[in-house]
Structure formats: structure tokens, C-alpha cells
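In this note's numbering, the protein residues as written are 42 to 234.
No residue lacks a Cβ here, since even glycine has one placed at the ideal position from N, Cα and C.
All of these numbers come straight from a predicted model, not from anything done at the bench.
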């Protein structure tokens with residue numbers, strides 16, 4: 042009789058574990074326990090980088106180009122970039138001193154080395170020593186991830202023009218998602234490598 046009770050107890054415990062696991066998988070919250078953003082999928086897979094949360098940054102920088110997430114570069118890169126806005130990729134993007142200081146603080150506080158998001162960590166690990174790249178597209182991580190994308194689909198594509206135009210192909214880039222499953226290249230469609 043005790044064996045029967047033990048067997049029944051084991052079955053009940055297994056069913057309980059399955060029920061708990063099912064609830065965890067079905068839980069579709071948009072934020073994790075530390076407040077990080079998540080996206081759907083098995084156990085609510087996290088985004089690749091933390092989304093931009095600064096409206097002034099989005100307005101000032103996003104008015105000319107994609108508002109890159111701070112976690113895509115290390116603090117030293119953001120400091121260098123914000124200190125040379127008079128020569129910002131061939132343009133003068135100078136800001137008033139107060140705005141420049143506030144945006145630099147935001148970028149540094151949210152830079153790659155402050156993040157535990159997977160792409161931020163991978164980009165940071167791909168940068169050698171004290172290098173301070175200004176272009177995300179020049180990092181080893183970016184180059185490796187885009188090596189199979191032909192130039193004709195991006196640089197020679199009038200609808201994209203540059204590998205720096207993340208939001209043109211990565212349909213959820215503004216939310217911090219750079220999943221290859223969300224790539225749709227204008228004029229070419231979904232990219233399959």
C-alpha cells in the first residue's frame with residue numbers, strides 16, 4: 042500500500058511541476074523581474090539591447106538618423122562622439138552645452154558596459170582594448186553578424202543606403218530587437234542566409 046501512495050505522490054508532483062512550468066511559459070509579461078523589456082517566445086525571451094528611454098535623445102539624435110541604443114557602444118565611444126559633435130560623420134551636430142552634457146550622461150549611464158543584454162555584451166567583447174569606435178557598423182561583432190548580407194541589398198539599395206540604417210531592415214530595432222527573424226530588407230524582403 043505504501044508503494045501505491047508513493048507512486049501516486051510522484052504522479053501528483055510531476056503534474057504539479059508541469060503545471061508550474063506551463064504557467065511560466067504562458068506568462069507573457071513585457072518586463073522581467075529587474076524591469077528589463079522582454080519579447081514573446083519561450084519564457085519571454087529578452088530583447089537584444091535595452092530600448093532608448095530618453096525623449097530628448099530620441100528628438101535630438103533621432104531627427105537625423107536612427108536613435109541608436111546606448112548599449113550598442115561602450116562609454117568611451119559615447120564620450121568621444123559627444124565631444125566631437127562639430128564633426129559628426131561629416132556633419133555639424135553641435136548641441137547647447139546643457140543638452141550635450143545631459144545626453145552624454147544618459148549615453149554613458151546606459152552604455153554597453155552597464156548592460157547585461159546579450160548584444161551589448163557581445164559588442165563590448167568584440168572591441169579590442171581601449172578602442173573607442175564611433176560607428177557600431179565598424180565593430181567586429183556587427184561585421185560578423187552582417188558578413189553574409191550582400192552590399193547590393195544595403196549600400197547599393199536606394200531604400201537603405203547604409204549598414205548604419207538599422208531601422209530600415211530590422212523591423213523592431215527601435216524596440217531593442219535585432220533578431221534575424223525580424224529582418225525585412227526593403228526591395229528584397231525577408232533575408233535568409
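Under 8 Å between C-beta atoms of residue i and residue j
i, j, result
"residue 214", "residue 107", "yes"
"residue 158", "residue 98", "no"
"residue 217", "residue 91", "yes"
"residue 166", "residue 111", "no"
Alpha carbon of residue i to alpha carbon of residue j, nearest angstrom
i, j, result
"residue 102", "residue 193", "27 Å"
"residue 153", "residue 138", "24 Å"
"residue 232", "residue 94", "29 Å"
"residue 104", "residue 163", "28 Å"
"residue 74", "residue 87", "For residue 74, the predicted model reports a pLDDT of 36, less than 50, meaning its position is unreliable; a value from the coordinates is still stated below. Going by the C-alpha atoms only, they are around 11 Å apart."
"residue 191", "residue 173", "27 Å"
"residue 203", "residue 56", "53 Å"
"residue 219", "residue 179", "17 Å"
"residue 66", "residue 221", "In this prediction, residue 66 scores a pLDDT of 43, lower than 50, which makes its location untrustworthy; no coordinate-derived value is stated."
"residue 185", "residue 195", "16 Å"
"residue 230", "residue 161", "27 Å"
"residue 155", "residue 44", "54 Å"
Among the options, the one whose alpha carbon lies nearest that of residue i
i, options, result
"residue 168", "113, 53, 55", "113"
"residue 223", "199, 49, 89, 46", "89"
"residue 197", "45, 211, 227", "227"
"residue 109", "229, 230, 212, 205", "205"
6 Å Cβ shell around residue i - same chain, five flanking residues per side excluded
i, result
"residue 127", "133, 135"
"residue 183", "177"
"residue 210", "224, 226"
"residue 144", "98"
"residue 181", "167"
Own chain residues within Cβ distance below 7 Å of residue i, not counting five before or after
i, result
"residue 175", "118, 121, 122"
"residue 149", "116, 119, 120"
Own chain residues within Cβ distance below 8 Å of residue i, not counting five before or after
i, result
"residue 171", "117"
"residue 140", "97, 101"
"residue 212", "223, 224, 225"
"residue 200", "209, 227, 228"
Any non-hydrogen atom of the ligand NAD closer than 7 Å to residue i Cβ
i, result
"residue 156", "This structure lacks the ligand NAD, and indeed carries no ligand of any kind."
Residue ranges of each alpha helix (DSSP H) within the segment 135-222, 4 or longer: Whole alpha helix (DSSP H) segments, 4+ residues: 138-150, 159-167, 181-187, 207-210.
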